[in-house]
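Q:
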Amino acid sequence: MADRPMISIENVSRYYGVYKALDDVSLQIGEGEFFSLLGPSGCGKTTLLRSIAGFDVPTSGEIRIDGVASTLLPANRRPTNMVFQNYAIFPHLDVGENVAYGLKRLRLDATEERRRVSDALDQVRLTGLDRRKADELSGGQRQRVALARALVMRPKVLLLDEPLSALDKKLREQMQVELRSLQQAVGITFILVTHDQYEALALSDRIAVMFGGRIAQVATPKEIYQHPRTRKVADFLGGMNFLRARLLADRKGDVSVDAAQFGTVNLAKPAGFTASDGHVTVGIRPERLRLLWDDERAPHELTGRVENRAYFGEVTHLTIGVDGLEQPLSMIETNDYGADDLPVGAEIRLAYDPDAFVLLADDEMALRA
Amino acid sequence: MSTAAIVSAPEKPAPAKGIRWLHGEEARGLAMISPTLLYALALLLLPVLLVIAYSFWTQNYLDIDRTFTFENYRLALTEPIYRDLFVRSLWISLLTAAITVGFSYPIAWYISFHGGPHKNLWLFLVTIPCWTSYLLRVMSWKVILGYGGVLNTGLMATGIIEQPITSLLYNANAVVITLVHSWAAFAILPIYVSLQKIDRSLIEAARDLGDGAVRSFLRVTLPLSMPGVISAFLIVMIPTVGDYVTPKLVGGKDGVMIATAIQAQFGKSANWPLGAALSVTTMVLVSLAAAAVVLALRFAVRRIR
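First to last, the sequence lines map onto chains E and V.
Quick note on the numbering used here: the first sequence kicks off at 697 and runs consecutively.
Quick note on the numbering used here: the second sequence kicks off at 3 and runs consecutively.
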């Protein structure tokens, strides 16, 4: 993060009657950062974004944008611009007029305005489409118009409300790449709201994962995927095999647990972690388990049996039953050795790395205590 | 590509030409509307054709001389009395439509944007005046606007005026006031519908791009609600040109409109061809005025940027 925060959110809460859409959220977002708000629907991520944009006023707390107290500032007086989920392209205006909409207020001379509009259209690769009517645009083009219309205002912060959710998969992946390079080209702060964890992981400098109006964890994509702090965060960011493990030793920086068939495992302990009843939850990602073929050996092995198999083209998802474990393990195997041909019921051996286990808090309260 | 496959697929063989139209969507649609269509033809188109035919004939005491003549139109367009009545009728109807739309827009806007969960209740309340007879509503304006009416006695009781105002009733203003009240509900509904259709995120986008409340209204809400404004304008303007009851009851001699003259030709004067020519001329003038209004409103909205 840059030295001075571009967006500073301090103890912001938003109540709708008794329902808490935002519950004491504090967050700082740096200048030039690509920041994602990730969470399931109803987690408050959109409410938070709309509070930053000025469309929603928090019940309490303070929002500062570039050092300016902005909690009660109307949307038209904030240095932010938004790309709406449905793009909100003005249907009575053509592409050029849509992009120039916000510039009219600045009373630029005609050539300067035209130059800025065509620059913005170049930036989103819509060169020469300025006379196109709004209803003649494809979904991807509408999204680009919405981006150009916001970027042409040269905002300090660009807000994106699930901008890619309406596009098909291929186009979405292409737009993710473009969005990332666009952000690097213009160098301003982007705040993206999404429920797609892969999108957040691929695009962001940092991610805030939200549940029930609270921020569960803020970290870089790699950190948040590899070291989720709670069970919920781990689960939301992808597949995870959860295990109830008995606590053997609770030291200052780490713990030792008895992870059933996996044996004794040492784990780093996140700050503020406390085990309640001598048991803790640990997890290991499915891709960190590996099938052993023929006479291949590994330092840490388990035997099990294939209970289910799902073919995904480049990979196969396997469910492996292991004696002595309550839950079967799920694992992801590439298909280059023939995992896609393993029959259900086959006896297999798998390798694991004890360092790949993470210690997970069962809920946030366990971390706050 | 799948599109290529679709394009190259052979088209479904067309059924024999003679019977095809009997089976299509179109045929079914026509069958559905045919009772209404026949009804409309018999009771709308035929009478209009008859009126047009009459307008080219001549009244000869009790019979009709059916030789083709433009004499009725010459009279309708050159007699000063008719010209004055045409101008006044058009003026009153345009004024009524403009005022009605002007008053109805804020109401429709309020219901659409701030009606909350009670939008339907508001709309229901708007239609309540229509439950009483049109005639009664016009008569009640006589009670309000008259010499010893509610307005005059009220103003005198509060001391704002000392003498009753005589210019309230029996003139063109009274006609406009009464018509505006009668037609308000019919203007509110189309404007409300067009406002309801506006995606609220468009207004947020306008705010986000720097517009204040007034500018976002002028640049987004108003242009997008224009279809409703135009239909409200026409719904009010077209029928009021030929309104007969209101001028008769509250218009006095200064509020006489063209319908009174038409009625006189079909009634006391017993000159149906002249009455028909006046009617046809009114229709043409209304159509021209309506077209001019639509173009003018569209142009005005394009100018707001």
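Ideal placement from N, C-alpha and C gives every residue a C-beta, glycine not left out.
1. Are the beta-carbon atoms belonging to G98(V) and V231(V) less than 7 Å from one another?
2. With 9 Å as the C-beta to C-beta threshold (strictly closer), list the residues of the stretch 220-239 of chain V near chain E in chain order.
3. Relative to chain E, which residues along the stretch 57-91 of chain V have a C-beta separation below 7 Å, given in chain order?
4. Check whether chain V comes within 7 Å of L768(E), counting only Cβ atoms and requiring the distance to be less than that.
5. Just reading off the alpha helix (DSSP H) that A941(E) is part of, what are its end residues?
6. Could you check the C-alpha separation between Y112(V) and Y194(V) for me, to the nearest Å?
7. Are the C-beta atoms of A771(E) and some chain V residue less than 7 Å apart?
8. Beta-carbon separation of N777(E) and L854(E) under 7 Å?
9. Does the Cβ of D826(E) have 16 or more other Cβ atoms within 10 Å, making it buried, or fewer, making it exposed?
10. From T38(V) to V89(V), what distance separates their C-alpha atoms?
11. Have a look at D657(E) and E983(E) and give me their C-alpha separation to the nearest angstrom.
12. In chain E, what lies closer than 7 Å to S196(V) by C-beta?
13. To the nearest angstrom, report how far apart T180(V) and S218(V) are at their CA atoms.
14. Taking 7 Å as the cut-off, decide whether the C-beta atoms of L204(V) and V216(V) are in contact.
15. Tell me, to the nearest whole angstrom, how far the beta carbon of L211(V) is from that of R845(E); I am working on the premise that it is less than 8 Å.
16. State yes or no: is the C-beta of D1037(E) within less than 7 Å of the C-beta of Y1007(E)?
17. Kindly list the residues whose CB is nearer than 7 Å to the CB of D831(E), restricted to its own chain and excluding five residues on each side of it in sequence; keep chain order.
18. Using the C-alpha atoms, what's the distance from L92(V) back to T242(V)?
19. So is Y865(E) buried or exposed if we call it buried at 16+ other beta carbons inside 10 Å?
20. For the beta strand (DSSP E) holding A796(E), just list the boundary residues, first then last.
21. Please give the ranges of any beta strand (DSSP E) in the stretch 826-867 of chain E, keeping only runs that are unbroken, at least 3 residues long and fully inside the region.
22. Over what stretch of residues does the alpha helix (DSSP H) that includes E28(V) continue unbroken?
23. Contact check, L718(E) vs L734(E) under 8 Å by CB: the rounded distance?
24. Can you list the residues of chain E that S203(V) reaches, using a CB-CB cut of under 7 Å?
25. For a test of the three-state rule: what should DSSP assign to H788(E), helix, strand or coil?
26. With distances taken Cα to Cα, identify the nearest neighbour of I280(V) among K250(V), L51(V), K121(V), Q265(V).
27. Taking the Cβ atom as the reference point for each residue, do A941(E) and V889(E) lie within a distance shorter than 7 Å?
28. Confirm, please, whether the CB-CB distance from V779(E) to L878(E) is below 7 Å.
29. If contacts are defined as beta-carbon pairs under 8 Å, then L1(V) and L147(V) qualify, I think. What distance do you get, rounded to the angstrom?
30. What residues in its chain sit with their C-beta under 8 Å from that of E669(E), if we drop five residues either side in the sequence?
31. Which of the residues in the stretch 722-749 of chain E, read from start to end, lie with their CB under 7 Å from any CB of chain V?
32. Is it true that the CB of Q957(E) sits closer than 7 Å to the CB of G1020(E)?
33. Taking the alpha-carbon of A842(E) as reference, which of Q870(E), L875(E), R811(E), E869(E) has the nearest alpha-carbon?
34. Just the chain V side, please: which residues come within less than 7 Å of Y1033(E) by C-beta, in chain order?
35. List, in order along the chain, the chain B residues whose C-beta lies closer than 7 Å to that of G798(E)?
36. Beta-carbon separation of P1024(E) and E997(E) under 7 Å?
A: Well, looking at it:
1. The count along the second sequence starts at 1 and reaches residue 98(V) at position 96. The count along the second sequence starts at 1 and reaches residue 231(V) at position 229. Residue 98(V) is actually Thr in this sequence, not Gly. Against a cut-off of 7 Å, the Cβ pair of V231(V) and T98(V) comes out as no contact.
2. R221, V222, P225, L226, M228
3. Only those residues of the stretch 57-91 of chain V whose C-beta falls short of 7 Å from the nearest C-beta of chain E would be listed, and there are none.
4. Here residue 768(E) is taken as the residue at index 72 of the first sequence, counted from 1. For L768(E), the answer is no, since every Cβ of chain V falls outside 7 Å of its Cβ.
5. Here residue 941(E) refers to the residue found at position 245 of the first sequence. Careful: A941(E) lies outside any alpha helix (DSSP H), inside the beta strand (DSSP E) at 937-946.
6. What you label residue 112(V) is simply residue 110 of the second sequence in a count that begins at 1. What you label residue 194(V) is simply residue 192 of the second sequence in a count that begins at 1. Those two C-alpha atoms are separated by around 9 Å.
7. In the first sequence, the residue the question calls residue 771(E) occupies position 75. Yes, A771(E) lies at the interface with chain V (some Cβ there is under 7 Å from its Cβ).
8. Along the first sequence, one-based indexing puts residue 777(E) at 81. Along the first sequence, one-based indexing puts residue 854(E) at 158. In terms of Cβ geometry, N777(E) and L854(E) form a close pair [threshold 7 Å].
9. For the purposes of this step, residue 826(E) is taken as the residue at position 130 of the first sequence. D826(E) comes out buried.
10. Your numbering for residue 38(V) matches position 36 in the second sequence. Your numbering for residue 89(V) matches position 87 in the second sequence. When rounded, the distance between both Cα atoms is 35 Å.
11. Coverage of chain E is limited to positions 697 through 1065, which leaves residue 657(E) absent and any answer about it impossible.
12. Along the second sequence, read from residue 1 onward, the residue named residue 196(V) stands at position 194. Residues of chain E whose Cβ lies closer than 7 Å to the Cβ of S196(V) do not exist; the shortest such Cβ separation is about 12 Å.
13. Here residue 180(V) refers to the residue found at position 178 of the second sequence. Here residue 218(V) refers to the residue found at position 216 of the second sequence. When rounded, the distance between both Cα atoms is 34 Å.
14. The residue labelled residue 204(V) in the question sits at position 202 within the second sequence. The residue labelled residue 216(V) in the question sits at position 214 within the second sequence. The answer is no: Cβ separation not under 7 Å.
15. On the second sequence, position 209 is the one that residue 211(V) refers to. On the first sequence, position 149 is the one that residue 845(E) refers to. Confirmed, about 7 Å.
16. Taking the first sequence and counting its residues from 1, the one referred to as residue 1037(E) is at position 341. Taking the first sequence and counting its residues from 1, the one referred to as residue 1007(E) is at position 311. Not closer than 7 Å, so no.
17. The residue given as residue 831(E) occupies position 135 in the first sequence. Same-chain partners within the cutoff: P787.
18. As a working mapping, residue 242(V) is identified with position 240 in the second sequence. As a working mapping, residue 92(V) is identified with position 90 in the second sequence. Roughly 9 Å between the two C-alpha positions.
19. Position 169 of the first sequence holds residue 865(E). Reading off the sequence shown, one finds Lys at residue 865(E), where the question assumed Tyr. Counting the other Cβ atoms within 10 Å of the Cβ of K865(E) gives fewer than 16, which makes it exposed.
20. Residue mapping note: residue 796(E) aligns to position 100 of the first sequence, counting from 1. Element bounds for A796(E): not the beta strand (DSSP E) but the alpha helix (DSSP H), 791-796.
21. 853-857
22. Locating residue 28(V) in the second sequence gives position 26, where the first residue counts as 1. Per DSSP, E28(V) belongs to the alpha helix (DSSP H) from 27-42.
23. As a position in the first sequence, residue 718(E) is number 22, starting the count at 1. As a position in the first sequence, residue 734(E) is number 38, starting the count at 1. Contact flag wrong, Cβ pair sits at about 15 Å.
24. To locate residue 203(V), count along the second sequence from 1; it is residue 201. Those are F780, N782, A784, listed as they occur along chain E.
25. For the purposes of this step, residue 788(E) is taken as the residue at position 92 of the first sequence. DSSP places H788(E) in coil when its eight states are reduced to three.
26. In the second sequence, counting from the first residue as 1, residue 280(V) sits at position 278. Correcting the residue type first, residue 280(V) is Leu in the shown sequence and not Ile. For the residues K250(V), L51(V), K121(V), Q265(V), the minimum Cα distance to L280(V) belongs to Q265(V).
27. The residue you call residue 941(E) lines up with position 245 of the first sequence. The residue you call residue 889(E) lines up with position 193 of the first sequence. No. Outside cutoff.
28. Along the first sequence, one-based indexing puts residue 878(E) at 182. Along the first sequence, one-based indexing puts residue 779(E) at 83. Contact: no.
29. The requested residue 1(V) does not occur in the structure, where chain V is confined to residues 3 to 307.
30. Examination of residue 669(E) is not possible in this model, given that chain E is present from 697 through 1065 alone.
31. A749
32. The residue labelled residue 1020(E) in the question sits at position 324 within the first sequence. The residue labelled residue 957(E) in the question sits at position 261 within the first sequence. A contact, by the Cβ cut-off of 7 Å.
33. On the first sequence, position 146 is the one that residue 842(E) refers to. Out of Q870(E), L875(E), R811(E), E869(E), L875(E) has the C-alpha closest to the C-alpha of A842(E).
34. Locating residue 1033(E) in the first sequence gives position 337, counting from the first residue. In chain order: nothing, as chain V lies at least about 33 Å away.
35. Protein chains in the displayed structure are E and V, and chain B is not among them.
36. Counting from one through the first sequence, the residue named residue 1024(E) turns up at place 328. Counting from one through the first sequence, the residue named residue 997(E) turns up at place 301. No. Outside cutoff.
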